[in-house]
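Below you'll find the structure, written out as structure tokens, and then a few comments.
There are 2 protein chains.
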Amino acid sequence: MSYDLWYWPGIPGRGEFVRLALEAGGIAYRDLARGEGGMSALGLDLEQPRDAPPFAPPYLLADGMTIAQTANILLFLGERHGLAPVDLEGRLWVNQLQLTIADAVGEAHDVHHPVAVGLTYEEQAAEAARAAEAFRADRIPKYLRYFERALLHHGPWLAGDRWSYADLSLFQLIEGLRHAFPKRMATTLRDCPKLTGLHAHVAALPELADYLASDRRLPFGDGIFRHYPELDAG
Amino acid sequence: MSYDLWYWPGIPGRGEFVRLALEAGGIAYRDLARGEGGMSALGLDLEQPRDAPPFAPPYLLADGMTIAQTANILLFLGERHGLAPVDLEGRLWVNQLQLTIADAVGEAHDVHHPVAVGLTYEEQAAEAARAAEAFRADRIPKYLRYFERALLHHGPWLAGDRWSYADLSLFQLIEGLRHAFPKRMATTLRDCPKLTGLHAHVAALPELADYLASDRRLPFGDGIFRHYPELDAG
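Protein sequence lines correspond, in order, to chains A and B. Just so you know, we're using the working numbering here: the first sequence kicks off at 14 and counts up by one. Just so you know, we're using the working numbering here: the second sequence kicks off at 14 and counts up by one.
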């Protein structure tokens, strides 16, 4: 049994949260849009008639189902492959964390695209500069302190005594924010020892070693997390 | 047994998606932040030490658990109270739709707050005008056509032969967008007969009649969905 993953080729984006879970879980999958003609193949697949159409990538084809929305795919993988607690409280807690991570990812994207996704960064650079100021001052500390607080009663993992998909996602969020806002993250993470620890624990997971060292692990590029030096400050 | 709901008083906001599910499901709850001192009580409650702290309202206190994130609360209520299909495929489909509705809600909010949630609309009105143009031209049609397409293979409900919490949420999204962008919604909904039908079906649910006619159903006001005439056009 193998799953098929569809996501925009060329950027890690939201697909990367799914990839990390698949890779760390040792779950076989094909990354269908990687390779020659991937973008047009994805475009064609998106237009396929389906009972349960996806609004946007990423989506996973599994057991005849089409499963879209990152947090929903991870909910499925978590239940099916034991990548999250099985009890109700733990399952809801991990889903809640994942949705909060998704909110942070969306905000990080909107910093460089505050006006419209259909315009380039250059067409909204002035608005982005204003948005980045608020994101650095208020939102980065708010999110990081929240996750630090979430780890206070748990730790080293967010739930239970092993990693869940939310730990992998939080690692990826920190990676992305560090890429986009290295100066701001350096000053903010100083007050977040548990979060820093979680990032290091995930980075050192034996289950991820091959993947993180491989060329399947894409650079951030012009994706959700972008480094524009003019948008960063300590 | 009764649940406790915490949400910002004075606006329907994201709390309303939870309220609609509770009300239509005939589930007993207290709306703790409504009434005298509600805002400061909510502020104090948010600071409570908790194993599983919420990042933001809404959150539900149920059976000793604190459950946050709108889609996560609805996932819980759907499973516990039969407000969604019980089979895996149907359950994931409804969660996927809810997450897509949540994305649309977030974008609708960001139109009037494209730069920062900490600033007023007036402080970002110029940016909002640009954002609204793209939202009206691209995003409203994209979301509505998607939900119309989702209903093509289902209908009159999004999943199964009775309403689920996603139907209630889609009703509320349409209500909100109609309030904020009445001209644009009038022209766009013309091509969405199934979506228009779903909205009418939910509005006519006997389970919601008392609630929708009561003063517990708050006006949109200065919440997520706001009507600024200068941001709307057909």
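Note that the Cβ used here is the ideal one computed from N, Cα and C, for glycine as well.
Any idea if residue i is buried or exposed, counting beta-carbon neighbours within 10 angstroms, 16 or more meaning buried?
i: Thr-133 (chain A); result: exposed
i: Glu-49 (chain A); result: exposed
i: Ala-97 (chain B); result: buried
i: Ser-182 (chain B); result: buried
i: Met-198 (chain B); result: buried
i: Ala-222 (chain A); result: exposed
i: Gly-210 (chain B); result: exposed
i: Ser-53 (chain A); result: exposed
i: Arg-152 (chain B); result: buried
i: Gln-61 (chain B); result: exposed
i: Ala-145 (chain B); result: buried
i: His-166 (chain B); result: exposed
i: Gly-77 (chain B); result: exposed
i: Glu-29 (chain A); result: buried
i: Glu-161 (chain A); result: buried
i: Leu-190 (chain A); result: buried
Under a CB-based cut-off of 9 Å, is residue i close to chain B?
i: Trp-106 (chain A); result: yes
i: Pro-67 (chain A); result: yes
i: Tyr-159 (chain A); result: yes
i: Tyr-156 (chain A); result: yes
Determine, for residue i, whether the minimum Cβ-Cβ distance to residues of chain A falls below 9 Å.
i: Glu-243 (chain B); result: no
i: Glu-135 (chain B); result: no
i: Arg-239 (chain B); result: no
i: Tyr-20 (chain B); result: no
i: Asp-17 (chain B); result: no
i: Asp-116 (chain B); result: yes
i: Tyr-42 (chain B); result: no
i: Glu-188 (chain B); result: no
i: Glu-146 (chain B); result: yes
i: Asp-204 (chain B); result: no
Just to make sure I have the definition right: I need the residues of chain A whose C-beta is within less than 9 Å of the C-beta of residue i. Which are they?
i: Met-52 (chain B); result: Within chain A, no residue comes near Met-52 (chain B); the closest Cβ sits about 19 Å away, beyond 9 Å.
If the cut is a Cβ gap below 9 Å, which residues of chain B does residue i touch?
i: Met-78 (chain A); result: Leu-101, Glu-102, Leu-105, Trp-106
i: Asp-151 (chain A); result: Ala-129, Val-130, Gly-131
Which residues in chain B have a C-beta closer than 7 Å to the C-beta of residue i? List them in chain order.
i: Arg-162 (chain A); result: Pro-66
i: Thr-113 (chain A); result: Phe-68, Gln-82
i: His-166 (chain A); result: Asp-64
i: Gly-236 (chain A); result: Correct list: empty, because the minimum Cβ distance to chain B is about 17 Å.
i: Gln-185 (chain A); result: In chain order: nothing, as chain B lies at least about 18 Å away.
i: Leu-55 (chain A); result: Result: empty, since nearest Cβ-Cβ is about 17 Å, beyond 7 Å.
i: Asp-123 (chain A); result: Asp-123
Who are the neighbours of residue i on chain B, taking C-beta pairs under 8 Å?
i: Arg-143 (chain A); result: Val-128, Ala-129, Gln-137, Glu-140
Could you tell me which of the options sits nearest to residue i, measuring between CA atoms?
i: Tyr-83 (chain B); options: B:Ile-40, B:Arg-27, B:Ala-144; result: Note that residue 83 (chain B) is Thr in the sequence shown here, rather than Tyr. It is B:Arg-27 whose Cα lies nearest to the Cα of Thr-83 (chain B).
i: Phe-194 (chain B); options: B:Gly-247, B:His-126, B:Gly-38; result: B:Gly-247
i: Pro-127 (chain A); options: A:Val-118, A:Ala-138, A:Ala-117; result: A:Ala-138
i: Gly-173 (chain B); options: B:Asn-85, B:Glu-102, B:Ala-65; result: B:Glu-102
i: Phe-148 (chain B); options: B:Leu-57, B:Val-107, B:Ala-121; result: B:Ala-121
i: Leu-33 (chain A); options: A:Val-215, A:Pro-206, A:Ile-114, A:Arg-239; result: A:Val-215
i: His-94 (chain B); options: B:Gly-77, B:Ala-41, B:Gln-111; result: B:Ala-41
i: Ala-37 (chain A); options: A:Leu-244, A:Glu-243, A:Glu-220, A:Pro-242; result: A:Glu-220
i: Asp-245 (chain A); options: A:Leu-105, A:Gly-236, A:Arg-143; result: A:Arg-143
i: Ser-177 (chain A); options: A:Arg-230, A:Trp-106, A:Lys-196, A:Arg-203; result: A:Trp-106
i: Leu-157 (chain B); options: B:Leu-218, B:Leu-55, B:Ile-80, B:Leu-208; result: B:Leu-208
i: Ala-117 (chain B); options: B:Ile-24, B:Gln-185, B:Gly-39; result: B:Gln-185
i: Leu-45 (chain A); options: A:Pro-70, A:Phe-30, A:Arg-63, A:Asp-64; result: A:Pro-70
i: Ile-237 (chain B); options: B:Gly-39, B:Asp-123, B:Ser-227; result: B:Asp-123
i: His-240 (chain B); options: B:Asp-58, B:Ala-226, B:Thr-201, B:Glu-188; result: B:Glu-188
i: Arg-155 (chain B); options: A:His-212, A:Lys-155, A:Val-130; result: Just to set this straight, residue 155 (chain B) is Lys in the shown sequence, not Arg. Closest option to Lys-155 (chain B), Cα to Cα, is A:Val-130.
i: Asp-204 (chain B); options: B:Asp-228, B:Tyr-159, B:Ala-65, B:Pro-22; result: B:Tyr-159
Quick one: list the residues of chain A neighbouring residue i, beta-carbon separation under 7 Å, in chain order.
i: Gly-119 (chain B); result: Gly-119
i: Phe-89 (chain B); result: Leu-105
Can you list the residues of chain A that residue i reaches, using a CB-CB cut of under 8 Å?
i: Gln-61 (chain B); result: The premise fails here: Gln-61 (chain B) is roughly 11 Å from chain A at the closest Cβ pair, so nothing lies under 8 Å.
Let me see if you follow: with CB-CB separation under 9 Å, is residue i close to chain C or not?
i: Ala-145 (chain B); result: Of the chains in the structure shown, none is chain C; the protein chains are A and B.
Any chance you could list the alpha helix (DSSP H) runs of at least 4 consecutive residues sitting entirely within the segment 50-130 of chain B, in chain order?
-> 51-59, 83-94, 101-125
Let me know the alpha helix (DSSP H) ranges lying completely inside the segment 179-207 of chain B, each 4 residues or longer, listed in chain order.
-> 195-202
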